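One structure below.
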Amino acid sequence: MTEIDDDARARHRSKMARRKAVQDAEVAEKTIEKGLLIVNTGPGKGKTTAAFGLALRMLGHGRRVGVVQFIKGAWHTGEKEAFAVFGDRVAWHTMGEGFTWETQDLERDRAAAARAWDRAQALMADPRIALVVLDELNIALRYGYLDLDAVVAALVARRPGLHVVVTGRNAKPALVEAADLVSEIGAAKHHFAAGVKAQQGIEF
Ligand code: ATP
Ligand code: MG
């Protein structure tokens, strides 16, 4: 490492001052406050866990959150146990019957998705709730278990100030179009490909 002389220090200071001015001007331009429609999609890992990260962040501000899991069945997950610590500040509904290839029953999958969507709408209407996570709703839409137009219309018509996060691969273009924030998570590398099985605390 080279020594930092007075010249280098002064150059750094003026560069950072210029950067701060640009940054401050950019921040000052952004004045809109609104509840966001957020979509976490793509083939990589991290869609659901990122949504739960936002739930945790909201809870940290003393607010309430709702979670509906559209596909996952009743198996034990670390996140469900962890969020239970927050008591009635988290409304958690695991509504799925498991993966579609496990149930192998279209009527049952459709009925489960419809029940989950009813629950989701009830949470979205609850004025105490600041953020609703609709986990794997994209999967229910992809398989046509729910009416896409009706779901998108209800999400767009959510009450002002409510944040909604939708997760799952293959987000429908109509939902992407309607969303404020869409994160497409890529699968640069996944340990499943190397034969590593689902790990406690990482996958469940
Ligand atoms: P997480 O719940 O860990 O945030 P996710 O919501 O992004 O993952 P899903 O599409 O819901 O991922 O898939 C659920 C499971 O599949 C996760 O346990 C995850 O590790 C695994 N998975 C995710 N991406 C891949 C991939 N590209 N290849 C293999 N398995 C994957
Ligand atoms: Mg997921």
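The opening residue of the sequence shown carries number 6 in my numbering; numbering runs sequentially from there. We put the CB at the ideal spot given by N, CA and C, even for glycine. All of these numbers come straight from a predicted model, not from anything done at the bench.
* To do: Determine the closest residue to I207 out of V169, R18, T54, G47, with distance taken between C-alpha atoms.
  => Position 202 of the sequence shown, counted from the first residue, corresponds to residue 207. Checked all of V169, R18, T54, G47; the closest Cα to I207 is T54.
* Could you say if the segment 185-197 and the segment 141-160 meet the contact criterion of at least three C-beta pairs nearer than 8 Å? => Cβ pair count under 8 Å is below three, so no.
* Heavy atom of ligand 2 within 7 Å of D140 beta-carbon -> Position 135 of the sequence shown, counted from the first residue, corresponds to residue 140. Yes, ligand 2 has a heavy atom inside 7 Å of this Cβ.
* ligand 2 heavy atom lying under 7 Å from the CB of K85 -> One-based indexing of the sequence shown puts residue 85 at position 80. Checking every heavy atom of ligand 2 against the Cβ of K85, none is found closer than 7 Å.
* Proximity to R133 [Cα-Cα], best of K50, S19, G71, A184 -> Against the sequence shown, residue 133 aligns to sequence position 128. Minimum Cα distance to R133 is reached at G71.
* To do: Would you check whether ligand 2 has a heavy atom nearer than 7 Å to the C-beta of T172?
  => As a working note, residue 172 is residue 167 in the sequence shown. Yes.
* **Inter-residue CB distance, L136 and M63 (contact presumed, cutoff 8 Å)** => The sequence position of residue 136 within the sequence shown is 131, counting from 1. The sequence position of residue 63 within the sequence shown is 58, counting from 1. The C-beta distance from L136 to M63 rounds to 5 Å, short enough to meet the 8 Å contact threshold.
* To do: Could you have a look at R69 and say whether DSSP puts it in helix, strand or coil?
  => Indexing the sequence shown from 1 puts residue 69 at position 64. The answer is strand: DSSP assigns R69 an E or B state.
* Asked: What's the C-alpha gap between H168 and L41?
  -> Here residue 168 is taken as the residue at index 163 of the sequence shown, counted from 1. Here residue 41 is taken as the residue at index 36 of the sequence shown, counted from 1. Roughly 5 Å between the two C-alpha positions.
* Which residues in the same chain as D140 place their Cβ atom closer than 6 Å to its Cβ, once the five residues preceding and following it in sequence are excluded? -> Residue numbering aside, residue 140 sits at position 135 when the sequence shown is read from its first letter. Excluding residues within five positions, the ones whose Cβ falls inside 6 Å are T53, Q74, T172.
* Asked: Quick one: does the C-beta of K202 sit closer than 7 Å to a heavy atom of ligand 1?
  -> Counting from one through the sequence shown, the residue named residue 202 turns up at place 197. Taking 7 Å as the cut-off, one finds no heavy atom of ligand 1 near enough to the beta carbon of K202.
* Can you have a look at E86 and say buried or exposed, based on whether 16 or more other CB atoms are within 10 angstroms of its CB? => Within the sequence shown, the letter at position 81 stands for residue 86. Counting Cβ neighbours within 10 Å, E86 comes out exposed, since fewer than 16 surround it.
* Asked: Which whole-angstrom value is the C-beta distance of M100 and A117, which I expect to be below 8 Å?
  -> In the sequence shown, residue 100 corresponds to position 95, counting from 1. In the sequence shown, residue 117 corresponds to position 112, counting from 1. Distance from M100 to A117 at the Cβ level is roughly 6 Å; contact confirmed, criterion being Cβ atoms closer than 8 Å.
* According to DSSP, which residues form a beta bridge with L186? -> Residue mapping note: residue 186 aligns to position 181 of the sequence shown, counting from 1. According to the DSSP secondary-structure assignment, L186 is paired through a beta bridge with I43.
* To do: Would you kindly check if the distance between the Cβ of A119 and the Cβ of L151 is under 8 Å?
  => In the sequence shown, counting from the first residue as 1, residue 151 sits at position 146. In the sequence shown, counting from the first residue as 1, residue 119 sits at position 114. Between L151 and A119, the CB-CB gap stays under 8 Å.
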